[in-house]
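Under the numbering used here, think of the first position of the sequence shown as 1108, with each following residue one higher. Below: the structure, in structure tokens.
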Amino acid sequence: MTKIVAVVACPTGIAHTHLAAEALQEVAARKGIQIAVERQTSQGVMNTVTPEQITDADVVLIAADIHVDPARFGGKHILTTTTREAILNTSQVLDDTLGLIAEEVPSMSDQVVKDTNATQNLRIVAITACPTGIAHTFMAAEALKKTATSLGHEISVETQGSVGSKTPLSEEDIAAADLVIIAADTYVDDSRFKGKKVYKTGVGDAVKRAQAVIEEAQAHGEILGGGAAGGSSYEENIAAAKAAKKSQLSGAYKHLLTGVSYMLPLVVAGGLMIALSFVFGIEAFEQEGTLAAALMSIGGGAAFALMVPILAGFIAFSIADRPGLAPGLIGGMLAVNLGAGFLGGIVAGFLGGYAAKWVRDYIHLPGHLDGLKPVLVIPLLSSLVVGLLMIYVIGAPVAAIMSALTEFLQGMGTQNAVLLGILLGGMMAVDMGGPVNKAAYTFAVGLLTSETYAPMAAVMAAGMTPPLGLAIATFIAKNRFTADERQAGKAAAVLGLSFITEGAIPFAAKDPLRVIPSIIVGSAVAGGLSMFFGCQLLAPHGGIFVLAIPNAVVNVGMYAVAIAIGTAVTTAMLVALKKPVEVEALPA
């Protein structure tokens, strides 16, 4: 029986990897072919092919959309293709692979490699963008389309202009692409193309010499991010998990978290500046001309003043792209002036985004006036709508709600405070950086604008305990963790001290039924104790490092105790629930 060793891998390792692997296994079984398929995913390698399997194999198949190192298959015939081909044309791919056995193909290293893409037309995705996005953006897109089509390639082009992204690339387009071309004179986020062959040039080049750009992209494009999926480190697994969580968001929640992500640097910088001003005394900033006053002016007067407008502006940006920025920012500033706080900013952001989107999509101008739309019509009409609604309809009621919420939280009794701390703490550990975690964090951050600091302390304490508890458990109960997990525990300790809850994700992914309950209970305990001890946190991030800033944490000693007890509870539950590892010989 013919034996094949196969490796499948795609940039995310979630869908195409598994679909390709199962298709190859099913069709090979029908053809009477013995096949061993290794899956390289964002969470690590599954079904790793052994050296013995490689030695026994007659031929090697690599179906991957990212680089896979062929060095370990030295001396074997190798056929390379894409996961898409392996899914759609499985039988033909296997036949081509078997055809290599009888071929005599010369190679400098006695390794025979045949690339099925070499004789096929390329699938290209492209982005064109210029600062104004009115003329050159679309001219470059048209030139690339015409040229690629004439050369026999398939191409999809996303234009990023003043009116936002047109014909946006889908995840399927990107996954199937052999080549990515970014022709831009302004910033373009390329993170979604990790693992793809990417070539960057100016938008003018694409207009004037489109064919040369495509040829140069084929010859000189570079794999973005490099490396095979199988070599993912602990940190890369965390990054991949974050990206996966982000890609799963949709609708209103996605727009809200976009605003929060852009607001967060202002919150962190402003909060730490305010905390630093307290080093000189709680009321030292009241004396004009002092360093404390300057720090308070930077943190409270500038950074915190911009928080709500930025939140609103980028919620609107997420909904309507660049046209949403003006009405969102204006609505957010009105929310601040009207006392509506972060709740008003959220409302203004959604109003601004949907108003701009409606104007963009439903108001049409003659072709020769279309250039006025992004610079005049959309910002004027959408800002007018949002401004009038905020002033005459929305501002006062939302301000009253915000005031009532602040009074309730500041006047809360001990019992209610502890219950709130337990709730927020548990939410921080439920999905470790996902929607529930972000909801708790956003709630606490929003309250900083109304000088309510206790929920922020509870949230940070609860966010630190999951990776810290796991790190300690890998140290004191080595027989319950693999060698890789014990190594990852060292990195988890640093992430926990830095208030990066995502450090617990790789452990939870491998053993969710034991790890997730352990970290939820530990985080709930930490959050509840923080509220019980009356701890307050003026800086919204920083982990253990912010504890060293005098007056940044109210009741800092008991705050450290709350974190320590929450961590100990997580560790104890992990030791009790996890079973000893049987398949690994532990080091002496």
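Glycine included, every Cβ here is placed at the ideal spot set by N, Cα and C.
Practice prompt. Could you say if the region 1479-1492 and the region 1444-1453 meet the contact criterion of at least three C-beta pairs nearer than 8 Å?
Written response: no
Worksheet item: Looking at the structure shown, is Asn1261 part of a helix, part of a strand, or coil, going by DSSP?
Response: The sequence position of residue 1261 within the sequence shown is 154, counting from 1. In the sequence under discussion, the amino acid at residue 1261 is Glu, which differs from the Asn named in the question. Correct three-state label for Glu1261: strand.
Worksheet item: What is the DSSP secondary structure of Lys1686, reduced to helix, strand or coil?
Response: For the purposes of this step, residue 1686 is identified with residue 579 of the sequence shown, where counting begins at 1. The answer is coil: DSSP assigns Lys1686 none of H, G, I, E or B.
Worksheet item: Nearest to Ile1623 by alpha carbon, out of Asp1538, Asp1285 and Val1552?
Response: Position 516 of the sequence shown holds residue 1623. Measuring from the Cα of Ile1623, the nearest candidate turns out to be Asp1538.
Discussion item. Let me make sure I understand the geometry here. Which of Lys1685, Val1601 and Lys1361 has the alpha-carbon closest to that of Asp1618?
Written reply: Indexing the sequence shown from 1 puts residue 1618 at position 511. Selected option, being the one with the closest Cα: Lys1685.
Fill in: Secondary structure of Met1539, DSSP reduced to three states
Counting from one through the sequence shown, the residue named residue 1539 turns up at place 432. Note: Met1539 maps to coil in three-state DSSP.
Worksheet item: If you drop the 5 nearest sequence neighbours on each side, which residues of the same chain put their C-beta closer than 8 Å to that of Val1314?
Response: As a position in the sequence shown, residue 1314 is number 207, starting the count at 1. His1243, Met1246, Ala1247 and Ala1250.
Discussion item. Would Met1534 and Ala1524 qualify as a contact pair, given that the criterion is a beta-carbon distance under 9 Å?
Written reply: Taking the first residue of the sequence shown as position 1, residue 1534 is located at position 427. Taking the first residue of the sequence shown as position 1, residue 1524 is located at position 417. Going by C-beta atoms, Met1534 is not nearer than 9 Å to Ala1524.
Worksheet entry | Boundaries (first-last residue) of the alpha helix (DSSP H) holding Arg1593 | Within the sequence shown, residue 1593 is the residue found at index 486, counting from 1. Unbroken alpha helix (DSSP H) run through Arg1593: Ala1590 to Leu1604.
Worksheet entry | Rounded straight-line distance, which links the Cα of Glu1609 to that of Val1682 | Taking the sequence shown and counting its residues from 1, the one referred to as residue 1682 is at position 575. Taking the sequence shown and counting its residues from 1, the one referred to as residue 1609 is at position 502. Cα to Cα, the separation comes out at about 21 Å.
Practice prompt. Have a look at Gln1160 and Gln1199 and give me their C-alpha separation to the nearest angstrom.
Written response: Taking the first residue of the sequence shown as position 1, residue 1160 is located at position 53. Taking the first residue of the sequence shown as position 1, residue 1199 is located at position 92. Straight-line Cα distance between these residues: approximately 23 Å.
Practice prompt. State whether the region 1120-1134 contacts the region 1555-1567, with contact taken as three or more CB pairs (one from each stretch) at a distance under 8 Å.
Written response: no
Worksheet item: In its own chain, which residues sit with a C-beta less than 6 Å from the C-beta of Ile1656, not counting the 5 before and 5 after it?
Response: The sequence position of residue 1656 within the sequence shown is 549, counting from 1. Cβ neighbours of Ile1656 beyond the five flanking positions: Ala1382.
Worksheet item: Rounded to whole angstroms, how far is the Cβ of Ala1164 from the Cβ of Thr1188, which I believe are closer than 8 Å?
Response: Residue 1164 sits at position 57 when you count from the first residue of the sequence shown. Residue 1188 sits at position 81 when you count from the first residue of the sequence shown. Not quite, the Cβ-Cβ distance comes to about 17 Å (not below 8 Å), so this is no contact.
Worksheet item: Three-state secondary structure (DSSP) at Thr1677?
Response: Taking the first residue of the sequence shown as 1, we reach residue 1677 at position 570. Reduced to three states, the DSSP call for Thr1677 is helix.
Item to complete: Out of Ala1130, Ala1598 and Thr1572, point me to the one whose CA is closest to Val1676's CA.
Response: The count along the sequence shown starts at 1 and reaches residue 1676 at position 569. When each option's Cα is compared against that of Val1676, the closest is Thr1572.
Discussion item. Report the start-end ranges of each beta strand (DSSP E) in the region 1155-1211 that is 3 residues or longer and not cut off at the edges.
Written reply: 1166-1171 and 1184-1188
Worksheet entry | Residues of its chain near Val1454, where Cβ-Cβ distance is below 7 Å and the 5 sequence neighbours each way are ignored | Here residue 1454 corresponds to residue number 347 of the sequence shown, with the count starting at 1. Ile1501 and Val1505.
Worksheet item: Apart from the five residues on each side of it in sequence, which residues of its chain come closer than 8 Å, Cβ to Cβ, to Ile1672?
Response: Counting from 1 along the sequence shown, the entry for residue 1672 is found at position 565. The residues are Val1632, Ala1633 and Leu1636.
Worksheet item: If Lys1545 sits next to Val1415, beta carbons under 8 Å apart, how far is it from one beta carbon to the other, in whole angstroms?
Response: As a position in the sequence shown, residue 1545 is number 438, starting the count at 1. As a position in the sequence shown, residue 1415 is number 308, starting the count at 1. Not really, about 18 Å apart at Cβ, beyond 8 Å.
Worksheet item: Can you find at least 3 beta carbon pairs, one from the region 1646-1665 and one from the region 1370-1384, that sit closer than 8 Å?
Response: yes
Item to complete: Could you check if Tyr1461 is buried or exposed, using at least 16 other CB atoms within 10 Å of its CB as the buried criterion?
Response: Numbered from 1 along the sequence shown, position 354 holds the residue referred to as residue 1461. Tyr1461 comes out buried.
Worksheet entry | Where Leu1331 falls, given that 16 or more other Cβ within 10 Å makes a residue buried | Stepping through the sequence shown from its first residue, residue 1331 is reached at position 224. Buried.
Practice prompt. Could you check if Val1482 is buried or exposed, using at least 16 other CB atoms within 10 Å of its CB as the buried criterion?
Written response: Here residue 1482 refers to the residue found at position 375 of the sequence shown. Classification of Val1482: exposed, given that the 10 Å Cβ count is below 16.
Item to complete: Pick helix, strand or coil for Arg1137, following the three-state DSSP scheme.
Response: Here residue 1137 refers to the residue found at position 30 when the sequence shown is read from its first residue. Three-state result, Arg1137: helix.
Worksheet item: What's the C-alpha gap between Ala1261 and Asn1228?
Response: Residue 1261 sits at position 154 when you count from the first residue of the sequence shown. Residue 1228 sits at position 121 when you count from the first residue of the sequence shown. The displayed chain sequence assigns Glu, not Ala, to residue 1261. One C-alpha to the other measures close to 7 Å.
Worksheet entry | Same chain, Cβ closer than 7 Å to Thr1513, neighbours up to 5 away in sequence not counted | Within the sequence shown, the letter at position 406 stands for residue 1513. Within the same chain, Thr1513 has close Cβ partners Ser1557 and Thr1559.
Worksheet entry | Under the three-state DSSP convention, the category Leu1575 falls into | Position 468 of the sequence shown, counted from the start, is the residue given in the question as residue 1575. Helix at Leu1575.
Item to complete: Look at Gly1463 and Ile1426 and say whether their C-beta atoms are less than 9 Å apart.
Response: In the sequence shown, residue 1463 corresponds to position 356, counting from 1. In the sequence shown, residue 1426 corresponds to position 319, counting from 1. One detail in the question is off: residue 1463 reads as Ala in this sequence, not Gly. Yes.
Worksheet item: Curious, which full-length alpha helix (DSSP H) runs of at least 4 residues does the region 1612-1645 contain?
Response: 1612-1617 and 1619-1639
Worksheet item: Do Ala1442 and Ala1412 have their CB atoms nearer than 9 Å?
Response: For this step, residue 1442 is matched to residue 335 along the sequence shown. For this step, residue 1412 is matched to residue 305 along the sequence shown. Taking 9 Å as the Cβ cut-off, Ala1442 and Ala1412 do not qualify as a contacting pair.
Worksheet entry | Paired residues, beta bridge with Leu1286 - DSSP | By one-based count along the sequence shown, residue 1286 stands at place 179. Note: Leu1286 sits in a beta bridge opposite Ile1231.
Fill in: Residues of its chain near Ser1214, where Cβ-Cβ distance is below 6 Å and the 5 sequence neighbours each way are ignored
Along the sequence shown, read from residue 1 onward, the residue named residue 1214 stands at position 107. The pLDDT assigned to Ser1214 is 42, lower than 50, so where the model puts this residue is not dependable; a value taken from the coordinates is nonetheless given after this. Counting only Cβ-Cβ distances below 6 Å, and skipping sequence neighbours, we find nothing.
Discussion item. Extract the residue ranges of the alpha helix (DSSP H) inside the region 1410-1469, only unbroken runs of 4 or more that lie entirely within it.
Written reply: 1411-1427, 1432-1444 and 1448-1469
Item to complete: Please go through the same chain and pick out, in chain order, the residues whose beta-carbon is closer than 7 Å to the beta-carbon of Tyr1493, but skip the five residues on each side of it.
Response: To locate residue 1493, count along the sequence shown from 1; it is residue 386. According to the sequence as given, residue 1493 is Val; it is not Tyr. Taken in chain order, the residues that qualify are Pro1434, Ile1437, Gly1438, Ala1455, Leu1458, Gly1459 and Ala1462.
Worksheet item: To which residues does DSSP link Ile1111 through a beta bridge?
Response: Taking the first residue of the sequence shown as position 1, residue 1111 is located at position 4. Paired residues: Ile1142 and Val1166.
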